[in-house]
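I have placed the structure first, in the form of structure tokens, so that the comments after it can refer back to it.
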Amino acid sequence: MTLTSQAALDPMLTHPYVVREVAKETPDTFTLTIEPENGGHGLAFAPGQFSMLWVFGVGELPISISGDPAKDNRLVYTVRSVGQATHALVSRCVGDSVGVRGPLGTGWPADGARGKDVIIVAGGIGLAPLRPLIYQVLSNRKDYGRLVILYGARSPRELLYRKELASWARNRETQVLVTVDYGGLGWRGHVGVVTTLFKYARLQPAHSVAMVCGPEIMMRFVTRELETHGLGRDDIYLSMERNMKCAVGFCGHCQYGPYFICKDGPVFRYQQIRPLLEKYEL
Amino acid sequence: MIREGKVAVEVLAPQHKPIIVATLSIGELLGWSWLLPPFQWKFHARAIDGVRAIALDGKCLRTKCEENHDLGYEVLKRFARIMEQRLEATRLQLLDVYAVRR
Numbered sequence: 602m603t604l605t606s607q608a609a610l611d612p613m614l615t616h617p618y619v620v621r622e623v624a625k626e627t628p629d630t631f632t633l634t635i636e637p638e639n640g641g642h643g644l645a646f647a648p649g650q651f652s653m654l655w656v657f658g659v660g661e662l663p664i665s666i667s668g669d670p671a672k673d674n675r676l677v678y679t680v681r682s683v684g685q686a687t688h689a690l691v692s693r694c695v696g697d698s699v700g701v702r703g704p705l706g707t708g709w710p711a712d713g714a715r716g717k718d719v720i721i722v723a724g725g726i727g728l729a730p731l732r733p734l735i736y737q738v739l740s741n742r743k744d745y746g747r748l749v750i751l752y753g754a755r756s757p758r759e760l761l762y763r764k765e766l767a768s769w770a771r772n773r774e775t776q777v778l779v780t781v782d783y784g785g786l787g788w789r790g791h792v793g794v795v796t797t798l799f800k801y802a803r804l805q806p807a808h809s810v811a812m813v814c815g816p817e818i819m820m821r822f823v824t825r826e827l828e829t830h831g832l833g834r835d836d837i838y839l840s841m842e843r844n845m846k847c848a849v850g851f852c853g854h855c856q857y858g859p860y861f862i863c864k865d866g867p868v869f870r871y872q873q874i875r876p877l878l879e880k881y882e883l
Numbered sequence: 007m008i009r010e011g012k013v014a015v016e017v018l019a020p021q022h023k024p025i026i027v028a029t030l031s032i033g034e035l036l037g038w039s040w041l042l043p044p045f046q047w048k049f050h051a052r053a054i055d056g057v058r059a060i061a062l063d064g065k066c067l068r069t070k071c072e073e074n075h076d077l078g079y080e081v082l083k084r085f086a087r088i089m090e091q092r093l094e095a096t097r098l099q100l101l102d103v104y105a106v107r108r
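As you go down the protein sequences, you meet chains A and B in turn. So for the first sequence, our numbering puts the first residue at 602; every next one is plus one. So for the second sequence, our numbering puts the first residue at 7; every next one is plus one.
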């Protein structure tokens with residue numbers, strides 16, 4: 602039995618993995634590459650899905666998969682160190698063990714987007730869950746229309762995957778626009794929030810699907826901008842985030858209105874959750 | 007009005023390095039200080055690369071707007087739209103949405 606089918610049978614089962622690489626992306630964000638402890642194939646995943654990563658002795662936390670779905674012998678996660686568990690995770694050394702549960706949750710509608718333009722709007726670490734989708738579109742270029750990536754970060758030093766952003770922009774039919782909220786004198790790129798990039802994007806709203814991930818406030822403004830540009834609510838997808846515990850819809854920690862983010866999400870159609878986005882209590 | 011190139015709008019403060027708060031590019035308008043009293047610039051603007059722009063005589067345009075209120079209303083409507091967009095972007099910027107919440 603492969604790891605994939607085992608995980609499908611029992612999402613509560615933790616698989617042992619070994620850290621193969623830890624790369625620093627920004628001062629507080631790191632990318633971990635892990636492989637199954639016993640070698641062989643890892644867990645196949647769909648772009649947008651997440652895993653529960655167990656840091657032994659510290660805790661378990663949900664992290665979106667940020668690697669290439671075509672490379673199933675390794676899993677890649679980009680993690681921002683913001684608390685005790687994430688700090689422990691990014692402090693793992695090569696050769697250390699971590700437990701992996703999943704892949705879990707819904708993914709981006711990569712198949713539904715075939716034949717259409719793909720608009721990706723990411724803010725901060727929100728680019729990480731979208732990176733697998735970018736890999737998939739770029740490695741199946743003929744199946745998709747134009748790829749437009751709009752990415753915003755706080756400052757130039759907090760931009761993720763800088764080399765990859767430059768290499769993605771060199772692909773045919775691909776437009777990559779990057780902005781930062783505040784720039785220093787050395788920054789020659791765009792300064793302004795991510796919504797200010799829309800005026801430079803070459804969009805064909807009637808033939809496009811948009812995938813958005815970032816802070817919720819940013820996503821609210823972005824969805825409004827996408828609607829203003831003519832995208833339908835059914836063609837906009839958002840990745841949501843809440844505190845998760847069981848990750849399979851039992852515990853209710855990540856309840857979001859009538860949904861559980863872990864089981865019904867994290868990727869939702871905008872039309873599905875639009876009324877919830879403006880509810881203060883949620 | 008910028009026809010080519012990019013312009014950085016900067017804030018300068020004593021003992022601080024200049025901070026770029028916005029970048030303007032092709033088709034965008036730089037500056038409306040000429041429109042409202044006290045008619046003084048509040049920010050610095052720096053060409054990031056080769057910039058071609060159309061500059062208008064603010065005092066002359068203001069006089070024409072006073073003389074022809076149809077023109078004045080049209081000019082104000084267009085500038086108000088841009089101001090509204092910049093205000094919204096600035097509010098979002100001030101929220102510092104990418105900061106770590108502890």
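All residues carry an ideal CB built from backbone N, CA and C; glycine is no exception.
Item to complete: Would you check if the region 806 to 820 of chain A and the region 774 to 789 of chain A touch, i.e. whether three or more CB-CB distances between them fall below 8 Å?
Response: Verdict: no, contact absent.
Worksheet item: Listing by chain order, which chain A residues have their CB less than 8 Å from the CB of V27 (chain B)?
Response: Correct list: Y783, V792.
Discussion item. Going by DSSP in three states, C71 (chain B) sits in which element: helix, strand or coil?
Written reply: The DSSP-derived three-state label of C71 (chain B) is helix.
Worksheet item: Quick one: what does DSSP say A671 (chain A) is sitting in, helix, strand or coil?
Response: Of the three classes helix, strand and coil, the one that applies to A671 (chain A) here is coil, per DSSP.
Fill in: H642 (chain A) classed as buried or exposed, judged by whether at least 16 other C-beta atoms fall within 10 angstroms
Around the beta carbon of H642 (chain A), fewer than 16 other beta carbons sit within 10 angstroms, so the residue counts as exposed.
Discussion item. Are the CB atoms of V677 (chain A) and T632 (chain A) within a distance shorter than 8 Å?
Written reply: Yes; because the gap between Cβ atoms is below 8 Å, this pair is in contact.
Worksheet item: At which residue ranges does the region 752 to 831 of chain A contain complete alpha helix (DSSP H) runs of 4 or more residues, listed in the order of the chain?
Response: Runs found: 763 to 770, 817 to 829.
Fill in: For Q99 (chain B): DSSP bridge partner residues
In the DSSP output, where bridge partners are listed per residue, Q99 (chain B) has none listed.
Worksheet item: Does DSSP put A51 (chain B) in a helix, a strand or coil?
Response: Reduced to three states, the DSSP call for A51 (chain B) is strand.
Item to complete: Look at V683 (chain A) and I664 (chain A) and say whether their C-beta atoms are less than 8 Å apart.
Response: No, the Cβ-Cβ distance between V683 (chain A) and I664 (chain A) is not below 8 Å.
Worksheet item: How would you list, in chain order, the residues of chain B whose beta-carbon sits under 7 Å from the beta-carbon of P816 (chain A)?
Response: Per Cβ cutoff of 7 Å: V103, Y104.
Worksheet entry | Beta-carbon proximity list for L739 (chain A), same chain, < 8 Å, skipping 5 on both sides | Excluding sequence neighbours, L739 (chain A) sits near L748, W769, N772, T775.
Worksheet item: Closest Cβ-Cβ distance between G724 (chain A) and chain B: below 8 Å?
Response: So, interface residue.
Item to complete: Would you verify that the beta carbon of T603 (chain A) is, or is not, closer than 8 Å to some beta carbon of chain B?
Response: Model confidence at T603 (chain A) stands at a pLDDT of 47, short of 50, so the residue's coordinates are unreliable; what they give is reported in the following sentence. No, T603 (chain A) lies away from the interface with chain B (no Cβ there is under 8 Å from its Cβ).
Worksheet item: Whose C-beta lies closer than 7 Å to the C-beta of E636 (chain A) among residues of the same chain, with five residues either side of it excluded?
Response: The residues are Y618, V619, R621, G643, N674, R675.
Discussion item. Any beta carbon from chain B within less than 8 Å of V813 (chain A)'s own beta carbon?
Written reply: Not one chain B Cβ lies under 8 Å of V813 (chain A).
Item to complete: Quickly, what does DSSP pair G706 (chain A) with across the bridge? List them, please.
Response: Beta-bridge pairing links G706 (chain A) to no other residue.
Item to complete: Keeping to the same chain, check which residues put their C-beta closer than 6 Å to that of A647 (chain A); ignore five residues upstream and five downstream.
Response: Apart from sequence neighbours up to five positions away, the residues of its chain that approach A647 (chain A) with a beta-carbon distance below 6 Å are G708, ordered along the chain.
Practice prompt. Would you mind sorting D76 (chain B) into buried or exposed? The rule is 16 or more other CB atoms within 10 Å of its CB.
Written response: With fewer than 16 other Cβ atoms within 10 Å, it is exposed.
Worksheet item: Within this structure, are the beta carbons of I26 (chain B) and E10 (chain B) separated by less than 8 Å?
Response: No, they are not a contact pair.
Discussion item. Just to confirm my understanding: we take Y736 (chain A), look at its own chain, exclude 5 residues before and 5 after, and list those with CB closer than 6 Å. What are they?
Written reply: For Y736 (chain A), where only same-chain residues beyond five positions count, the Cβ hits under 6 Å are D669.
Worksheet item: In this structure, does DSSP put I862 (chain A) in helix, strand or coil?
Response: The three-state reading of DSSP puts I862 (chain A) in helix, counting H, G and I together.
Worksheet item: Which residues of chain B have a Cβ atom closer than 7 Å to the Cβ of F822 (chain A), listed in chain order?
Response: Under a criterion of Cβ atoms nearer than 7 Å, the residues of chain B adjacent to F822 (chain A) are, in order, L98.
Worksheet item: In chain B, what lies closer than 7 Å to L786 (chain A) by C-beta?
Response: Simply K23, P24.
Worksheet item: chain B partners of M819 (chain A), CB-CB under 7 Å?
Response: Among the residues of chain B, those whose CB is under 7 Å from the CB of M819 (chain A) are V103, following chain order.
Worksheet item: Got a sec? Which residues, its chain only, sit under 7 Å from E80 (chain B) by beta carbon, not counting five neighbours each side?
Response: Counting only Cβ-Cβ distances below 7 Å, and skipping sequence neighbours, we find nothing.
Fill in: L786 (chain A) versus B:R58, B:A51, B:L42, residue with shortest Cα-Cα distance
It is B:A51.
Discussion item. In this structure, how does DSSP classify M602 (chain A) when only helix, strand and coil are distinguished?
Written reply: Low local confidence applies: a pLDDT of 43 at M602 (chain A) is under 50, so the model's placement there is unreliable, with the coordinate-based value given in what follows. Three-state DSSP puts M602 (chain A) in coil, outside helix and strand.
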